[in-house]
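> Residues are numbered in my numbering as their position in the sequence shown, beginning at 1, plus a constant of 213. One structure coming up, written as structure tokens, with questions to follow.
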Amino acid sequence: MSEMPDTSSRRHGVPGFARHGRLPKRGPWGGVLRILGGAVAVIVASALCVSAVTVSQLAGAVAKNSVAINKNEPVAVPPTVGAYPGGFNVLIVGSDTRAGQGGIGGSDGGGDLNDVTMLLHVSGDHTNATVVSFPRDMVVPIASCAAGGGVYAPINTALSYGGSGADNPGKGLPCVVNTVEQLTGLKIQFAGLITFRGVIEMSNAVGGVPVCVVGDINDTEVGLHLKAGTHTIMGYTALKFLRSRHGVGDGSDLGRISSQQVFLSSLVRKLKSNDTLGNPATMFKIAQAATRNMDLSTSMATPDAMLAIAQSLRNVDLNRMIFAQYPGTTGGTGIYAGKVQPLTYAAEKLMSLIRADKPFTLAAQGNSVASTKDTSNHSTTPTATPTPTASGTATPTPTSTSTASPSKVAVVDGVLGQSASEYTCSVAYHF
């Protein structure tokens, strides 16, 4: 394998980065799948609100499709009761398979690409969590796997190099795990693969997600039309919102990250709110939607493992849950032409902090994006929102109350993202 070109001198504020605006503190299918990666960590926490019998039933639904990812190095056995001992990493992969999806995404193509690759890291003291999303077209060294590899290629091909196919996408999961371990230097203990149908069922199970829009979104390619303001969306409206490329950010595929970050942070706030976690019926729907549409690693496909992971995440503050994009840029040449090129210097700064279990925040980033700040105090959870509609009815902007400021932590430059506590808006793209 040839040595990867060093891109440490490349500028961070380059085309291809997402556009998003900060909410004034007033109180294609791959894009959809990316959202679920970070949310799965919180979805698993739903097991805390379900009886042990129910958890066993849900685990049974995925055990038959479990995949071994650590054949030579078995992970620590989770305790029968309590949090997982120490820190751990969970890889979430979104498959583009059309098999068994009821026509969702079309009938041709797909089945062997990991259009979503997201890594959740939980610190050893269980006070910090980071979700790193890897751009699907980012060229990286692919691990040597069952069906090939050992080459530089877009990261979303790792599933196919692992021998995945439309009828068995989970077969390639170990190759994605090995590739991400090689890239990040982190050992991955748990992994899961989710499908299109899982995303759709999840958006309905949670009962809608409030999203904020700066400017009117009019994306005729996906049929999404949203006025500026805050909307609670679910079903196919949520699907269109997450698929929209020409309606948000800079109009590029990477620009979808703006909507994804807005949606994901709002989803996590809702999942961790008392109204959601305190409702066993809602939690069961969420957990059921996830387990019916996922292939889990054998290390994760047990009630004890699910509960241990959930217990470890339960007390992570929203301002200590960071969503970050693995640094990359477009406009490269050679093997990077038309693809995403890693920014190695910024990436190493990010990964070194994660490997060292050090908490951090992200400095303000953006590509010519106006950002409005308000000195008003806010809580980490929004007030109750009206009942959502499938059409995405506009609702008032959520308000909040004061909260204690986080302790001083490292500030990372050159990495795009946000914390779960930040209220942000998708910025409409105007041609």
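No residue lacks a Cβ here, since even glycine has one placed at the ideal position from N, Cα and C.
Decide if V335 is buried, meaning its Cβ has at least 16 other Cβ atoms within 10 Å, or exposed.
By the 10 Å Cβ count, V335 comes out buried.
> So does V280 have its beta carbon nearer than 7 Å to some heavy atom of the ligand SAM?
As far as ligands go, the structure on display features none, and thus does not contain the ligand SAM.
> To which residues of the same chain is V389 closer than 6 Å at the C-beta, ignoring the five residues directly before and after it?
The answer, listed in chain order, is V306, N327, A371, L372.
> Could you tell me if P506 is buried or exposed, where buried requires 16 or more neighbouring beta carbons within 10 angstroms of its beta carbon?
In the sequence on display, residue 506 carries Asn and not Pro. The residue is buried, with at least 16 neighbouring Cβ atoms inside 10 Å.
> For G385, does the count of other Cβ atoms within 10 angstroms reach 16, so buried, or fall short, so exposed?
So G385 ends up on the buried side.
> May I ask you to report which of helix, strand or coil DSSP gives Y642?
It is coil, neither helix nor strand.
> So F403 is in the beta strand (DSSP E); what residue range does that whole segment cover?
Taken as a continuous stretch (DSSP letters only), the beta strand (DSSP E) holding F403 covers 403-407.
> Counting only the same chain and skipping the five closest in sequence on each side, list residues whose C-beta sits under 8 Å from that of A623.
Hits under 8 Å: L566, K571, P572, F573, T574.
> Name the two residues that bound the continuous alpha helix (DSSP H) containing Y558.
Note, Y558: alpha helix (DSSP H), 557-568.
> Decide if N341 is buried, meaning its Cβ has at least 16 other Cβ atoms within 10 Å, or exposed.
Per the 10 Å Cβ criterion, buried.
> Is DSSP giving N327 helix, strand or coil here?
Strand.
> With DSSP as the reference, identify every bridge partner of C358, one or two as the case may be.
BP columns for C358 point to G361.
> Three or more C-beta pairs closer than 8 Å, one from the stretch 358-367 and one from the stretch 528-538: is that the case here?
Contact fails: fewer than three Cβ-Cβ distances are below 8 Å.
> Write down the C-beta distance between T397 and P423 rounded to the nearest angstrom, noting that I regard them as a contact closer than 8 Å.
So it is not a contact: roughly 32 Å between Cβ atoms.
> How many Å lie between F536 and L439 at the Cα?
Rounded to the nearest angstrom, the two C-alpha atoms are 25 Å apart.
> Within the same chain, show all residues whose beta-carbon is closer than 6 Å to that of D626, passing over the 5 residues directly before and after it, in chain order.
So the list reads A576, once near-sequence residues are dropped.
> What does the Cβ neighbour count give for G659, buried or exposed, with the cut at 16 atoms within 10 Å?
Residue numbering for the chain in the displayed model covers 214 to 644; residue 659 lies beyond these limits and cannot be assessed.
> A166 lies in the beta strand (DSSP E); which residues open and close that run?
Outside the shown range of the chain, which is 214 to 644, sits residue 166, and nothing can be said about it.
> For K483, count neighbouring Cβ atoms within 10 angstroms of its own Cβ and tell me buried if that reaches 16, exposed if not.
It is buried - the Cβ of K483 has at least 16 other Cβ atoms within 10 Å.
> How many angstroms separate the CA atom of S416 from the CA atom of I446?
Roughly 9 Å separates the two Cα atoms.
> Taking A281 as the reference, which of Q554, V344, T511 has the closest Cα?
Taking only the C-alpha atoms, the option nearest A281 is T511.
> Leaving out the 5 sequence neighbours to the left and right, which residues in its chain are closer than 8 Å to V351 when beta-carbon positions are compared?
Going by the sequence as given, residue 351 is Met instead of Val. Only P367, I368, Y539, G541, K552, V553, Q554, P555 meet the Cβ criterion.
> Quick check on the burial criterion: 16 or more other C-beta atoms within 10 angstroms. Buried or exposed for P298?
Answer is exposed; the Cβ neighbour count stays below 16.
> Quick check on G436: buried or exposed, where buried means 16 or more other Cβ atoms within 10 Å of its Cβ?
Its Cβ having fewer than 16 others within 10 Å, G436 is exposed.
> How many whole angstroms separate the CB atoms of A356 and N302, which I take to be in contact at a CB cut-off of 8 Å?
Not a contact, Cβ separation roughly 16 Å.
> Ignore the nearest five residues each way along the sequence and tell me which others in S479's own chain have a CB closer than 7 Å to its CB.
If we look at S479 and ignore the five residues flanking it on each side, its Cβ neighbours are V422, P423, V424.
> Which ranges would you report for the alpha helix (DSSP H) in the stretch 421-454 if only whole runs of at least 4 residues count?
Correct list: empty.
> Distance, Cα to Cα, R349 vs M331?
Cα to Cα, the separation comes out at about 10 Å.
> By DSSP, does Y636 sit in helix, in strand, or in coil?
In this structure, Y636 counts as coil in the three-state DSSP scheme.
> Buried or exposed: which applies to T433, given that a residue is buried once 16 or more other Cβ atoms fall within 10 Å of its Cβ?
Burial call: exposed.
> Which residue comes first and which comes last in the beta strand (DSSP E) that contains A342?
Residues 342-346.
> Quick one: measure Cβ to Cβ for A569 and V628, integer angstroms, because I've assumed they're closer than 8 Å.
Actually they do not touch by this definition, with Cβ atoms about 16 Å apart.
> Quick one: residues in its chain with C-beta nearer than 7 Å to the C-beta of H459, no 5 flanking neighbours on either side, listed in chain order?
Excluding positions up to five away in sequence, the list reads D432, E434, Y642.
> How is the alpha helix (DSSP H) around D517 delimited, first residue to last?
Unbroken alpha helix (DSSP H) run through D517: 516-526.
> What's the call for D463, buried or exposed, on a 16-neighbour Cβ count within 10 Å?
Counting Cβ neighbours within 10 Å, D463 comes out buried, since at least 16 surround it.
> Any idea what DSSP makes of I305, helix, strand or coil?
Reduced to three states, the DSSP call for I305 is strand.
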